[in-house]
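Residues -20 to -1, 1 to 187 (mature numbering (1 follows the signal peptide of the UniProt record, and there is no 0)) make up the sequence shown, in order.
No residue lacks a Cβ here, since even glycine has one placed at the ideal position from N, Cα and C.
This one's a predicted model, so the numbers in the text were calculated from it and none came from an experiment.
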Amino acid sequence: MNRSVLVWAGLILSVAAVGAGCKGSETTPSGSGGGGPVVSPEEGKQACVDVCNLYTGICSDPTDICVPRCNEEFANASAECQDEISALYACYKDVLDAQHDTLTCPIYPPHECSKLAGASVGCINMYGCSRLGDCSYQPGPNGENLYSCEEQCDAQGLRKDCWTDGTKTTCECMVQGKPAGTCDNGDVAFDDPSMLTSCCYQFLQNP
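In structure tokens form, the structure reads like this:
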């Protein structure tokens, strides 16, 4: 994955960190609570896809990553944070569309959306999973492929090591670095990166 996609993949955390101390103007898109109509999750997800297509188009990257990435990001944000993440991507789209003719690769997150990014990050850290999980393939217990992912969910560190015997997926789960249990993930692909849809997520709900 090249730098432009990595930059796009880190938009939320990057703009929150870079823009937290910025006192410049703040763009208020519809749906951010600024008086305009609420941005629905469907509209927010489409704004996410549009922003991703803008990034990948200018940086000559494949655009087929955009729909699955945005679907995953909105799923990981949890139901509680759909308003925040939708408002954030509406802001990104408004600002970047206005700057389109001057954008060059790599493209960095706009400071104008820093407050919305902070609100989105805060909500996702509390109720969902950040999308910046670290995943890799490793040898499984019987020599099969194992997919290991570590991520912050519900403000806790969660790790899952998943493999399949061809009929079902099994995952070993760790919370805050400590073994939490083993679970059957059914027919979910063993290398599905989502934590919210993983059977390991139950150990955060019932530690």
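Nearest to residue i (by Cα), restricted to the options the options
i: Leu126; options: Asn105, Gly98, Thr149 and Cys109; result: Thr149
i: residue 191; options: Ala59, Cys61 and Lys25; result: A query on residue 191 cannot be resolved here, the shown segment of the chain reaching from -20 to 187 and no further.
i: Glu53; options: Thr147, Ile104, Glu130 and Cys129; result: Ile104
i: Ser110; options: Gly146, Asp30 and Pro173; result: Pro173
i: Val31; options: Gln118, Pro119, Arg139 and Leu68; result: Leu68
i: Asp81; options: Thr43, Cys180, Tyr35 and Gly123; result: Tyr35
i: Val155; options: Glu124, Thr43, Glu131 and Ala78; result: Glu131
i: residue 213; options: Lys140, Pro21, Leu76 and Gly120; result: Because the chain here runs from -20 to 187, residue 213 falls outside it and cannot be looked at.
i: Asp74; options: Glu152, Glu23 and Thr147; result: Glu23
i: Cys180; options: Cys153, Pro119 and Gly166; result: Cys153
i: Thr84; options: Pro21, Cys39 and Ala27; result: Cys39
i: Leu96; options: Gln118, Val29 and Ala70; result: Ala70
i: Asp63; options: Pro21, Asp44 and Thr43; result: Pro21
Residue i, enclosing alpha helix (DSSP H) - first and last residue
i: residue 194; result: No answer is possible for residue 194: it lies beyond the span of the chain, which begins at -20 and ends at 187.
i: Cys179; result: Looking at the DSSP string, Cys179 is not in any alpha helix (DSSP H), and its letter there is neither H nor E.
i: Pro48; result: Cys46 to Asn56
Under 8 Å between C-beta atoms of residue i and residue j
i: Ser178; j: Gly108; result: no
i: Asn33; j: Leu176; result: no
i: Val19; j: Ser66; result: yes
i: Phe170; j: Cys142; result: yes
i: Ser100; j: Cys61; result: yes
i: Cys129; j: Asp114; result: yes
i: Cys151; j: Lys140; result: yes
Endpoints, beta strand (DSSP E) assigned at residue i
i: Pro159; result: Lys158 to Asp164
i: Val155; result: Thr149 to Val155
Residue-chain proximity (residue i, chain D), Cβ-Cβ < 8 Å
i: Tyr181; result: This model lacks chain D altogether, as it is built from one protein chain only.
Segment contact, 8 Å Cβ cut-off, at least three pairs: the segment 162 to 172 with the segment 132 to 139: no
Three CB pairs or more closer than 8 Å across the segment 39 to 49 and the segment 89 to 99: no
In chain order, which beta strand (DSSP E) runs of at least 3 residues are fully inside the segment 58 to 145? 114 to 119, 125 to 133 and 136 to 144
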